[in-house]
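Note that the sequence shown covers residues 32 to 245 in our numbering.
We put the CB at the ideal spot given by N, CA and C, even for glycine.
Small disclaimer: the values here were computed from a predicted structure and weren't measured.
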Amino acid sequence: MKVLKCTGRKEVCNKCDLPEKDVDELIAVLKAGELIVFPTDTLYGIGADPFKESSVKKVFIAKNRPFDMPLSIAVSNEKMMESVAVLNEKARAVIRMYMPGPITIMLAKKPSIPDILTSGSNLVGIRIPDHPLAIRLIDRFGPITATSANLHSQKDPVDASISKKDLKDHIKICVDCGKTKYAAPSTIVDVSDGEVDVIRKGVIPQEEIENALR
32 MKVLKCTGRK EVCNKCDLPE KDVDELIAVL KAGELIVFPT DTLYGIGADP
82 FKESSVKKVF IAKNRPFDMP LSIAVSNEKM MESVAVLNEK ARAVIRMYMP
132 GPITIMLAKK PSIPDILTSG SNLVGIRIPD HPLAIRLIDR FGPITATSAN
182 LHSQKDPVDA SISKKDLKDH IKICVDCGKT KYAAPSTIVD VSDGEVDVIR
232 KGVIPQEEIE NALR
């Protein structure tokens, strides 16, 4: 595993100054079907090409994650989200209020998303992370997987040390930006049917979301 250190790194990194040549290298790894670890505002994530089944399979294997537990993906803007999922008015309201930010929404997926990623479900979890490197990377490459960069059900990867220890034999490049902004998972909200159903508690309190989206 190659480790890239953020040049703007502080105790908590939300201003990543990774050189363009390093971003080029990360994109080359993704295009080759391999895995990277990248920082977000919540936890470190495993990045892979979500449209390539062989790459998605590598993510499950790296995490020792059961194949019946879906992976989420990250995009950089609403237009990109609409290219992979069906957006309704409730979804657009969540995007306006909370994205980029620590929230993942469940939406009906489009056919371009392989079934292996969603474990056969017609829903996919999508988020826009509030981290400059993640956005730079996704802007250039396109959607990437965004599941947490750790072994399944183990300690949350709030910094790169956990990812490097857990996944060292499976990752080509790990970007080390220090501790994440929130150091906690994103809140997951199912809005696929036009209603609001918080299915995992996270950074944004359930009550706040429900009150805001009534």
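Sorted by chain position, which residues of the same chain lie with C-beta nearer than 7 Å to residue i's C-beta, five sequence neighbours on each side aside?
i: aspartate 140; result: It is worth fixing the name first, because residue 140 is lysine in this sequence and not aspartate. Correct list, in chain order: Val115, Ala116, Thr149, Asn153, Leu154 and Val155.
i: lysine 83; result: Gly64
i: valine 189; result: Leu74, Lys210, Thr211 and Ala214
i: arginine 96; result: His183
In the DSSP output, which residue or residues are listed as bridge partners for residue i?
i: arginine 231; result: Ile219
i: threonine 135; result: Ile219
i: phenylalanine 98; result: The partner list for phenylalanine 98 (beta bridge, DSSP) is empty, contrary to what the question assumes.
i: lysine 140; result: Ala116
On a Cα-Cα basis, can you pick out the residue from the options that is closest to residue i?
i: alanine 215; options: Cys208, Val229 and Lys186; result: Lys186
i: arginine 158; options: Ala191, Asp72, Val87 and Ser194; result: Asp72
i: lysine 199; options: Thr178, Cys208, Pro145 and Leu182; result: Leu182
i: isoleucine 147; options: Asp80, Arg123, Phe172 and Ile136; result: Asp80
i: threonine 135; options: Ala243, Arg231, Thr38 and Asp224; result: Arg231
i: valine 222; options: Ala93, Lys195, Leu49 and Ala122; result: Ala122
i: glutamate 120; options: Lys196, Gly225 and Ala180; result: Gly225
i: proline 160; options: Ala191, Ser179, Ser86 and Val87; result: Ser179
Going along the chain, which residues of its own chain have a beta-carbon closer than 6 Å to the beta-carbon of residue i, five neighbours each way excluded?
i: aspartate 170; result: Ser107
i: lysine 36; result: Asp207
i: phenylalanine 98; result: Phe91
i: isoleucine 144; result: Val115 and Val155
i: threonine 38; result: Asp48
Would you kindly check if the distance between the Cβ of residue j and the Cβ of residue i is under 9 Å?
i: methionine 112; j: leucine 138; result: yes
i: leucine 118; j: glutamate 109; result: yes
i: leucine 61; j: lysine 89; result: no
i: isoleucine 202; j: valine 68; result: yes
i: methionine 32; j: isoleucine 193; result: no
i: glutamate 238; j: valine 227; result: no
i: valine 125; j: valine 220; result: yes
i: leucine 168; j: isoleucine 77; result: no
i: methionine 100; j: alanine 243; result: no
i: lysine 195; j: valine 34; result: yes
i: alanine 165; j: proline 70; result: yes
Assuming residue i contacts residue j (C-beta within less than 8 Å), just tell me the rounded distance between them.
i: threonine 218; j: isoleucine 104; result: Not quite, the Cβ-Cβ distance comes to about 16 Å (not below 8 Å), so this is no contact.
i: proline 14; j: valine 234; result: Residue 14 lies beyond the range of the chain shown here (32 to 245); nothing can be said about it.
i: cysteine 47; j: proline 163; result: 5 Å
Counting only the same chain and skipping the five closest in sequence on each side, list residues whose C-beta sits under 8 Å from that of residue i.
i: serine 85; result: Gly64
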